[in-house]
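In what follows, a structure is listed as structure tokens, so that the remarks can point back to it.
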Amino acid sequence: MQGIFNAFLILIFVSVLNSQVKIVESNGLNFEILRASYYEPKLGIMKYFNRNSLKVDIGNSLDLIEFKKENFTLTVGVDFFAYTLVNNHGFLILRVEAVDGFFGGNLSFRSESFSSRFRVLHRSAHIVDEYGELEHKPFPFTGEFFDLIFVFTKKFYKLYSGFSQVFRIKPSSVDKFYFQTGFELFKEFKISNLIFACDVKFIDRILGFNTVAGFKIGRLSSRGIFVYVNFYSGFDIYGQYFNLKKEFGGLGCSLEF
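This note's numbering applies: residue 280 is where the sequence shown begins, and numbers increase by one.
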């Protein structure tokens with residue numbers, strides 16, 4: 280009799296759990312990517328203004344498991360993405376100079392106007408077809424880090440702050456902590472949106488920032504095409520050049536998922 284009662288309790292528990300936890304069916308993300316941050320999964324291409332090169336983004340973030348209550352949603356997801364520095368040597372003659380790859384998982388929370396995301400990611404950086412600006416041979420650049428971001432969103436703007444902590448890195452001279460903050464401004468029209476975004480990182484007492492301005496064809500929180508211009512100043516975004524200061528602008532296009 281006791282065994283039947285225990286089996287009945289387990290059945291009730293499983294039924295309740297199944298009513299709240301499910302495999303995510305939609306393609307939307309519980310935590311929307313930060314448009315002005317480079318350490319985000321994106322899909323698109325950007326032409327540098329000051330060099331005959333392209334930045335190519337390849338990757339995605341997927342929410343796999345969703346726990347939903349009346350006033351909030353909690354999801355568990357995975358991240359696989361990379362960005363590359365591609366040099367143009369003629370019509371469709373491209374050489375990949377540098378590539379940074381990321382993969383890991385995330386836990387995100389979302390309510391009406393507040394959201395947050397905790398990620399744990401592996402990162403590695405490589406020189407591929409040519410050395411480019413390096414004055415020495417390529418070196419192993421690999422490690423793991425976590426970051427935590429808090430976001431407050433209203434109809435016309437988004438504010439966020441957070442930090443990142445590296446817990447294993449090679450070379451060891453790479454800075455292991457940075458503070459991050461930023462904002463996004465929106466102006467929504469019938470089938471498009473004007474967007475201005477800024478991301479700021481404080482790394483080793485150096486202020487690095489990236490600004491992005493453009494328009495998106497499609498609803499703000501759905502799939503669409505985002506065409507933008509940007510300006511960046513700070514440490515180089517490619518791991519093989521991590522200790523070099525950089526300033527650049529570009530014209531880009533992203534396919535937002």
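Beta carbons are placed, not taken as given, at the ideal position from N, Cα and C, and that holds for glycine.
Predicted model only: the values in this text are computed from it and were never measured.
(request) Given a cut-off of 8 Å, decide if residue 336 and residue 321 are closer than it, judged by their beta-carbon atoms. (result) Within the sequence shown, the letter at position 42 stands for residue 321. Within the sequence shown, the letter at position 57 stands for residue 336. Contact: yes.
(request) Would you kindly work out how many angstroms separate the C-alpha atoms of residue 405 and residue 379, rounded to a whole number? (result) Walking along the sequence shown from the start, residue 405 turns up at place 126. Walking along the sequence shown from the start, residue 379 turns up at place 100. If you take the alpha carbons of residue 405 and residue 379, they lie about 7 Å apart.
(message) Which residue wins for smallest C-alpha separation from residue 472, given the options 439, 377 and 495?
(response) Position 193 of the sequence shown, counted from the start, is the residue given in the question as residue 472. Restricting attention to 439, 377 and 495, the CA atom closest to the CA of residue 472 is found in 495.
(message) Looking at the ligand SAH, does it come within less than 7 Å of residue 522, judged from the CB to the closest heavy atom?
(response) By its list of ligands, the structure shown contains no ligand whatsoever, and the ligand SAH lies outside what it can speak to.
(request) Round the Cβ separation of residue 381 and residue 396 to the nearest angstrom and send it over; I've been treating them as touching at under 8 Å. (result) Reading the sequence shown from its first residue, position 102 is the one you call residue 381. Reading the sequence shown from its first residue, position 117 is the one you call residue 396. With 8 Å as the limit, residue 381 and residue 396 do not qualify as a contact, their Cβ atoms being about 14 Å apart.
(request) Spell out a yes or no on whether the segment 482-499 and the segment 337-347 are touching, meaning 3 or more CB-CB pairs, one atom from each, closer than 8 Å. (result) No: the two stretches stay apart, fewer than three of their Cβ pairs being nearer than 8 Å.
(request) Note down, in chain order, each residue of its chain lying with its Cβ closer than 6 Å to the Cβ of residue 527, except the 5 sequence neighbours on either side. (result) The residue you call residue 527 lines up with position 248 of the sequence shown. Within the same chain, and ignoring the five residues on either side of residue 527 in sequence, the residues whose Cβ sits closer than 6 Å to its Cβ are 327, 329 and 511.
(message) Relative to the C-alpha of residue 474, which candidate in 506, 448, 445 and 455 has its C-alpha closest?
(response) Numbered from its first residue, the sequence shown carries residue 474 at position 195. With distances taken between Cα atoms, residue 474 lies closest to 506.
(request) Give me the Cβ distance between residue 398 and residue 420, rounded to the nearest whole Å; I'm assuming they're in contact under 8 Å. (result) Along the sequence shown, one-based indexing puts residue 398 at 119. Along the sequence shown, one-based indexing puts residue 420 at 141. Not quite, the Cβ-Cβ distance comes to about 19 Å (not below 8 Å), so this is no contact.
(message) Alpha carbons only, please: which of 393, 437, 466 and 373 is nearest the one belonging to residue 407?
(response) Locating residue 407 in the sequence shown gives position 128, where the first residue counts as 1. Relative to residue 407, the option among 393, 437, 466 and 373 whose CA is nearest is 373.
(message) With H, G and I counted as helix, E and B as strand and the rest as coil, what does DSSP make of residue 380?
(response) By 1-based counting over the sequence shown, the position of residue 380 is 101. In the structure shown, residue 380 sits in a strand (DSSP, three-state: E or B).
(request) Tell me whether the beta-carbon of residue 443 lies closer than 8 Å to the beta-carbon of residue 456. (result) Here residue 443 refers to the residue found at position 164 when the sequence shown is read from its first residue. Here residue 456 refers to the residue found at position 177 when the sequence shown is read from its first residue. Yes.
(message) Output needed for residue 447: all residues of its chain with C-beta closer than 6 Å, excluding positions within five of it in sequence on either side, in chain order.
(response) For this step, residue 447 is matched to residue 168 along the sequence shown. These residues qualify, in order along the chain: 422 and 423.
(request) Taking residue 536 and residue 339 to be in contact with their CB atoms under 8 Å, please state how far apart those CB atoms are, rounded to whole angstroms. (result) Taking the sequence shown and counting its residues from 1, one reaches residue 536 at position 257. Taking the sequence shown and counting its residues from 1, one reaches residue 339 at position 60. Cβ-Cβ separation between residue 536 and residue 339: approximately 6 Å, consistent with a contact (criterion under 8 Å).
(message) According to DSSP, residue 436 sits in a beta bridge with which residue or residues?
(response) Counted from its first residue, the sequence shown places residue 436 at position 157. As computed with DSSP, residue 436 is found in a beta bridge with 464.
(request) Give the straight-line distance between the Cα atoms of residue 323 and residue 530, rounded to the nearest whole angstrom. (result) Your numbering for residue 323 matches position 44 in the sequence shown. Your numbering for residue 530 matches position 251 in the sequence shown. Residue 323 and residue 530 have their C-alpha atoms roughly 11 Å apart.
(request) Please classify residue 364: is it buried, with 16 or more other beta-carbons within 10 angstroms of its beta-carbon, or exposed? (result) Position 85 of the sequence shown, counted from the start, is the residue given in the question as residue 364. Residue 364 should be labelled buried.
(request) Can you tell me which of the three DSSP states residue 497 falls into? (result) As a first step, residue 497 must be located in the sequence shown, where it is residue number 218. Of the three classes helix, strand and coil, the one that applies to residue 497 here is coil, per DSSP.
(request) Look up residue 327 in the DSSP assignment and say whether it is helix, strand or coil. (result) Counting from 1 along the sequence shown, the entry for residue 327 is found at position 48. Per DSSP, reduced to three states, the secondary structure at residue 327 is strand.
(message) Once DSSP output is grouped into helix, strand and coil, what is the label at residue 338?
(response) Numbered from 1 along the sequence shown, position 59 holds the residue referred to as residue 338. Correct three-state label for residue 338: strand.
(message) Rounding to the nearest angstrom, what Cα-Cα distance links residue 427 and residue 366 in this structure?
(response) What you label residue 427 is simply residue 148 of the sequence shown in a count that begins at 1. What you label residue 366 is simply residue 87 of the sequence shown in a count that begins at 1. Cα to Cα, residue 427 sits roughly 33 Å from residue 366.
(request) Please list, in chain order, all residues of the same chain as residue 516 whose beta carbon is under 6 Å from its beta carbon, the five residues on each side excluded. (result) Start at 1 with the first residue of the sequence shown, and residue 516 comes out as number 237. Here the set comprises 317.
(request) Have a look at residue 313 and residue 522 and give me their C-alpha separation to the nearest angstrom. (result) Translated into the one-based positions of the sequence shown, residue 313 becomes position 34. Translated into the one-based positions of the sequence shown, residue 522 becomes position 243. Annotation: residue 313 to residue 522 spans about 24 Å, alpha carbon to alpha carbon.
(request) State the start and end residues of the unbroken beta strand (DSSP E) segment that holds residue 534. (result) By one-based count along the sequence shown, residue 534 stands at place 255. It spans 524-535 - the beta strand (DSSP E) in which residue 534 sits, taken as one unbroken run.
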